[in-house]
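Written below as structure tokens is the structure these notes are about.
Have a look at this one:
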């Protein structure tokens, strides 16, 4: 009977029982895709990671898709690496061919990313606002697609309230995103000085899901700022989990630094909760 050992974490958590629940399976050899997706479904989260400490490779799955990139998975793998080796400081992880440096210092885990590619959004801003259930006057131009391994539509707004009130309509959102990818993603945010209030949504044929701890969105947001004229170095704080649409959600905090070499450092705290074994 195959056994799969896992570690349970809260990522981007500033305190106990904050952050987003995340599971990392530690493997020697990666299971096939069907097993990975079945385990992702079993754990009940947005996504799960599979990490091989020997080969330093990482894969990430939702119950329906293999993800080409996940910032949360990189942070989770770094936390598991430190749990397995208390002397851990940093390592290079191969995540779907690309290499990322992850590390631990000052009670935070981080990964380093490069600026992402961008392309303009060429659909109607009015239709997009209607799909998000916010006023078109709240949208800040330009609106860009940004791709750091997972392409997301990055939307800045004039008010924090519009971010909190956004309630995407599945059919309308799928129509206006018109993404070539199976899983289209949109990130909406408001900037107040060095604090960003962010919400991230994934849309497919089955509906819309909200992601409360998207390291991917954090990296893409940094790239959006650079693409629209922001000058490095940059430093700011991202908060996810604020919403008036759910009775219960958890605050996730991601800290961003962009150095003069345009290296994007995405960091946050992780609470290690425990581990276990699944028998299949």
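Numbering (the numbering used here), first residue to last: 10 to 289. Ideal Cβ positions, reconstructed from N, Cα and C, are used throughout, including at glycine.
Judged by beta-carbon spacing, residue 152 lies within the 8 Å limit of residue 134, meaning their Cβ atoms are closer than that value.
Per DSSP, the beta bridge partners of residue 280 are 19. Nearest Cα to residue 73 within the set 157, 85, 43 and 100: 43. Taking 8 Å as the cut-off, the Cβ atoms of residue 120 and residue 275 count as close.
Excluding sequence positions up to five before and after residue 155, its CB lies within less than 7 Å of the CB of 125, 127, 161, 163, 229, 232 and 233, all in the same chain and listed in chain order. Taken in chain order, the unbroken stretches of alpha helix (DSSP H) that lie wholly in the segment 30–80 and span 4 residues or more are 42–52. Taking 3 residues as the shortest admissible run, the segment 110–159 contains the following complete beta strand (DSSP E) segments, listed from N- to C-terminal end: 117–122, 126–129 and 148–156. In the DSSP assignment, residue 96 forms no beta bridge with any residue.
C-alpha of residue 176 to C-alpha of residue 76: approximately 24 Å in a straight line. For residue 196, the uninterrupted beta strand (DSSP E) run begins and ends at 193–201, by DSSP.
When secondary structure is reduced to three states using DSSP, residue 246 falls in the strand class. Assignment of residue 105 by DSSP, reduced to helix, strand and coil, places it in the coil class. Annotation: the continuous alpha helix (DSSP H) that includes residue 229 extends over 224–236. Assignment of residue 171 by DSSP, reduced to helix, strand and coil, places it in the helix class. Exclusion of the five residues before and after residue 268 leaves 242 as the residues of its chain whose Cβ lies within less than 6 Å of its Cβ.
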